[in-house]
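Below: the structure, in structure tokens.
Residue numbers (my numbering): -16 to 385.
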């Protein structure tokens, strides 16, 4: 999702990044969210000094009212994502020039080619890992090509993006400060890396996204160096991690429902609405942060200026007051007003690209890998993260000759 906030972009701030202890200890996050929506849809956690918003109405309000709930988290305007209007509008307009519907549409043949190449060897041997063999490499290759970075650095992308969305590892005795220091180091490595890439593109422009952003102008203004580097980092994490998890979440959801798999194979025009339901049902990004700028009331709670807020998208998208049978996966759900890509001025710039990559990947997989089934569902465990939702591995088997 290509609109995270400043804290999630750099990992340098302390408030709002740390999840509630109850969530870290919950055996089922969605059951805990459900309980919180009942008893305390907007609540203050004294230990973290942070407000948690679990309900859809509260989430939509905080994401829409950017004047009261600011994206600037107190660390200065170091990135596009930590800006509010009017500067945000100007910079977003520049970046958006690289994500027009026409430019995204033109990418479909290349995305399909990548998907087919990734699957060709896997299909022949009758087994694969949905994540390692398709869901991870596809968006990484797409992003690498968009940015014009060397193919040999793709594994670095995965390492860096995983580190930036990690949670505190309580089992290993990790502290919140240790996690934040690690993320800061990763962010510094990324800025250094992309700084070199940007400098090379400045000297030798190419037909790629970085060169396009270097040349883009709105009202005679261009992206400054810091905003450009921050956007590269965002594209790495949001465009890689989110799309990987969307593809993986979708395939696991379909595989858990064999009858649905058959319907999708028979009629792949059902994929777009099914993908939207995946975005709601297993939201790839689970939380966003904001800062209160002025005293306000939210869901009957009094918030003070300076307070930090976490909006739990994964909970809001399961809110029973907004979605009928919210805990059920309904592949034809309509309307489906989920907020998996955010809402308001920070709505995900890359939503169209993520949807396209997911649709092409799933279409190609359903076409080339018939009679697919989970190898061992008991071994499939979600990522240890409260920021993103996905799976590190989804091993499957199939008979490619049926």
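Note that beta-carbon positions come from the ideal geometry of N, C-alpha and C, so glycine has one too.
| Asked | Found |
| --- | --- |
| Is it buried or exposed, residue 381, if we count other Cβ atoms within 10 angstroms and call 16 or more buried? | buried |
| From residue 255 to residue 342, what distance separates their C-alpha atoms? | 7 Å |
| So the candidates are 49, 96, 345, 102; which of them puts its Cα closest to the Cα of residue 238? | 345 |
| What does a CB cutoff of less than 6 Å around residue 378 pick up in its chain, not counting 5 residues either side in sequence? | 112, 358 |
| Report the rounded CA-to-CA distance for residue 178 versus residue 198, giving the unit in angstroms. | 16 Å |
| What does a CB cutoff of less than 8 Å around residue 371 pick up in its chain, not counting 5 residues either side in sequence? | 148, 224, 225, 228, 267, 268, 269 |
| Thinking C-beta only, is residue 301 closer than 8 Å to residue 17? | yes |
| Just to confirm, are residue 122 and residue 259 a CB contact at a threshold of 8 Å? | no |
| Which class does residue 108 belong to by DSSP, given the choice of helix, strand or coil? | helix |
| Enumerate in chain order the residues of its own chain whose CB-to-CB distance from residue -7 is below 6 Å, with the five nearest sequence positions on each side excluded. | For residue -7, the pLDDT reaches just 37, beneath the cut-off of 50, and the residue's location in the model is therefore unreliable, leaving the point undetermined. |
| Check the DSSP bridge columns for residue 357 and list the partner residues they point to. | 379 |
| Check the C-beta distance from residue 126 over to residue 231 and give it rounded, since I have them as a contact under 8 Å. | Not confirmed; about 17 Å, so no contact. |
| Output needed for residue 117: all residues of its chain with C-beta closer than 8 Å, excluding positions within five of it in sequence on either side, in chain order. | 98, 101, 102, 105, 111, 230, 344, 348 |
| Determine the closest residue to residue 305 out of 264, 373, 163, with distance taken between C-alpha atoms. | 264 |
| Please classify residue 326: is it buried, with 16 or more other beta-carbons within 10 angstroms of its beta-carbon, or exposed? | buried |
| Determine the DSSP secondary structure at residue 54, reduced to helix, strand or coil. | coil |
| With distances taken from CA atoms, which of 159, 41, 7, 28 is nearest residue 299? | 41 |
| Mapping DSSP to helix, strand and coil, what is residue 281? | strand |
| Does the beta-carbon of residue 83 have 16 or more other beta-carbons within 10 angstroms, so that it is buried, or is it exposed? | exposed |
| With a threshold of 7 Å on Cβ separation, who are the neighbours of residue 324 within its own chain once the five nearest residues in sequence on each side are excluded? | -16, 330, 331, 334 |
| Roughly how many whole angstroms lie between the Cα atoms of residue 308 and residue 211? | 43 Å |
| Who pairs with residue 294 in a beta bridge, going by DSSP? | 36, 271 |
| Note down, one range per segment and in chain order, each alpha helix (DSSP H) of at least 4 residues found wholly within the stretch 140 to 223. | 159 to 186, 192 to 198, 208 to 220 |
| So the candidates are 37, 10, 52; which of them puts its Cα closest to the Cα of residue 287? | 52 |
| Determine the direct distance from the alpha carbon of residue 193 to that of residue 124, and round the result to whole angstroms. | 15 Å |
| Are there 16 or more other CB atoms within 10 angstroms of the CB of residue 374, so buried, or fewer, so exposed? | buried |
| If we call anything under 8 Å between Cβ atoms a contact, is residue 321 one with residue 243? | no |
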